[in-house]
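Letter by letter, the sequence shown follows residues 146 to 399 in the working numbering.
First up is the structure itself, then whatever we jot down about it.
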Amino acid sequence: MKPRPIVAGNWKLNKGPAEARAFGEALAGRLGDVPRSKVDVIVAPPFVSLPALKPQGFFSGAQDVYWEDKGAFTGEVSPAMLKEIGVDYCIVGHSERRQLFGETDRTVNLKVSALLAKGIRPILCVGEKLEERKAGIMYNVVRFQLSAGLFDVSIKNPEDIVVAYEPVWAIGTGNVATPQQAEDMHEVIRQSLEKRFGIDDGGRIRILYGGSVNGDNIEGLMDKDQINGALVGGVSLDLDKFISIINLIAKREK
Ligand code: PGA
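See below:
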């Protein structure tokens, strides 16, 4: 059986507390008809909007974290602080952070471990750049990001961690990966996870696809065996469009 799917919205630098509060209330109302057992919904707003979101029937996620609990680290936010305000998930290693803010596989690894230690579920993002795909090295790039990001990491159950495959060339471009391109990579990721965590846990960790997901392409992606949901950027800012993706996925679950 496929693991329960996830639809996660990554708001990036959008929506302050007032908008987040309104969106959270409206989303909670609209999710009333969607059985919780069918799909896990996550919304990841900017840090300052997290307390306003008030997740009901869905989960909250941060978009980044620092790995120390406290200290002289100006501008940073710790896993303990996220835990204190009830954050459930945290995106780590998003390609925008890798490209624009100097995130490395080493810092990704520190963040994943620190989050797990506090009981927050990391959503570990991996994905190749266009030139890496053109050079045919995409599988090795992603295998390396995974093994480095998960170095020394242990989990108690397969829901503790989520992996998001986000090809850099597909993010915010409208160039969604074909279902087969995504599935081929998800199979590679699945094999790595099974090797790393064993068949039982590794076989059930949720692997999301992200990059230009919308209501028109989600079903083709979800038809694939190893695609367990989506990390949605731009489209997650629009409540109606976000809900329609959630509904399409929930409808498919028996
Ligand atoms: P997009 O972003 O859906 O706007 O392409 C996805 C992401 O960056 O997580």
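Where a beta carbon is used, it is the ideal one built from N, C-alpha and C, also for glycine.
- A straight-line Cα-Cα distance of about 12 Å links Leu227 and Lys215.
- Leu269 places its beta carbon less than 8 Å from that of Val257.
- Note: Ser182 is not bridge-paired with any residue in the DSSP secondary-structure output.
- When DSSP states are grouped into helix, strand and coil, Val257 belongs to the helix group.
- Counting C-beta pairs closer than 8 Å gives fewer than three between the stretch 158-167 and the stretch 321-329, which falls short of the contact rule.
- Following the DSSP letters along the chain, one finds Pro267 inside the beta strand (DSSP E) bounded by residues 266-271.
- Residue pairing by DSSP places Asn155 opposite Ala189 in a beta bridge.
- With 16 or more other Cβ atoms inside 10 Å of its own Cβ, Ala315 counts as buried.
- Out of Arg243, Gly319, Arg351, the CA that lies nearest to the CA of Asn373 is found in Arg351.
- Counting along the chain, the unbroken alpha helix (DSSP H) around Gly174 starts and ends at 162-175.
- Cβ neighbours of Asp345 within its own chain (closer than 8 Å, five residues either side excluded): Pro303.
- Here Asp368 has Pro324 as same chain residues with Cβ atoms under 7 Å from its own Cβ, once five neighbours each way along the sequence are excluded.
- If you ignore the 5 residues before and after Glu328, its C-beta comes within less than 8 Å of the C-beta of Lys369, Asp370, Gln371, Ile372, all in its own chain and listed in chain order.
- With fewer than 16 other CB atoms across the displayed protein chains lying within 10 angstroms of its CB, Asp385 is exposed.
- One alpha carbon belongs to Glu241, the other to Trp156, and they sit about 13 Å apart.
- Apart from the 5 residues on each side of it in sequence, Arg288 sits with its Cβ closer than 7 Å to the Cβ of Val333, Ser337 in its chain, given in chain order.
- By the 16-neighbour rule on beta-carbons within 10 angstroms, Gln290 is buried.
- In the structure shown, the three-state DSSP call for Gly202 is coil.
- Counting only residues of its own chain and dropping the five nearest sequence neighbours on each side, Leu393 has a CB closer than 7 Å to the CB of Gly360, Ile363, Glu364.
- According to the DSSP assignment, Tyr284 belongs to the alpha helix (DSSP H) that extends over 283-294.
- For Val308, DSSP records a beta bridge to Leu269, Ile352.
- Looking from the CA of Phe204, the closest CA among Ser357, Gly348, Ile236 belongs to Ile236.
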